[in-house]
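>
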Amino acid sequence: MSSIHYIFSYGTLIDDRVQKALFHRSLENTPDVLPGYRIAEKKMYGRYLVVERTGNPQDSVPGYALAVKEEELTIADTYEGESYERITVKLKSGINAWLYVETGSR
62 MSSIHYIFSY GTLIDDRVQK ALFHRSLENT PDVLPGYRIA EKKMYGRYLV VERTGNPQDS
122 VPGYALAVKE EELTIADTYE GESYERITVK LKSGINAWLY VETGSR
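With this note's numbering applied, the sequence shown covers 62 to 167.
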């Protein structure tokens with residue numbers, strides 16, 4: 062049995078059609094908040110939202126904690142591509158989740 066991981070999503074992975082295309086199922090999702098980050102003014106490829114860490118607890122990004130199986134993380138990694146890297150964050154709910162950030166932005 063594979064372990065469950067959470068991906069914090071504030072963008073395209075929230076879309077059920079994207080989930081079904083990638084994972085062949087709808088992912089269990091829970092509304093949550095990412096504290097200490099904000100949506101950056103710039104966009105990846107001029108179109109995709111990017112978050113940036115501010116460290117300010119007043120800043121936050123609303124989104125969803127998406128439950129994925131361990132083996133599905135590689136699917137998400139491939140989908141996000143080399144422009145993003147996966148880091149661990151703690152959500153407002155206390156869930157430890159993976160977050161995709163712009164490569165080199167940490």
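Beta carbons are placed, not taken as given, at the ideal position from N, Cα and C, and that holds for glycine. Bear in mind the structure is a predicted one, so any value in this text is a computation, not a measurement.
#1: For V111 versus A126, is the C-beta spacing smaller than 7 Å?
#2: Is it buried or exposed for H85, if we count other Cβ within 10 angstroms and need 16 for buried?
#3: Under 7 Å between the Cβ atoms of V129 and L95?
#4: For G97, which of N90, D120 and R78 has the nearest alpha-carbon?
#5: So which of R114, L88, A158 and I148 has the shortest CA-CA distance to L74?
#6: Taking only three categories from DSSP, how would you classify T149?
#7: Verify whether the separation of the beta carbon atoms of E131 and S64 is less than 7 Å.
#8: Here's the rule I'm using: 16 or more other beta-carbon atoms within 10 Å means buried, otherwise exposed. How should E133 be labelled?
In terms of the structure at hand:
#1: no
#2: Burial call: exposed.
#3: In this structure, the beta-carbon distance from V129 to L95 does not fall below 7 Å.
#4: D120
#5: L88
#6: strand
#7: yes
#8: In summary, E133 is buried, with 16 or more beta-carbon neighbours lying within 10 Å of its beta-carbon over all protein chains present.
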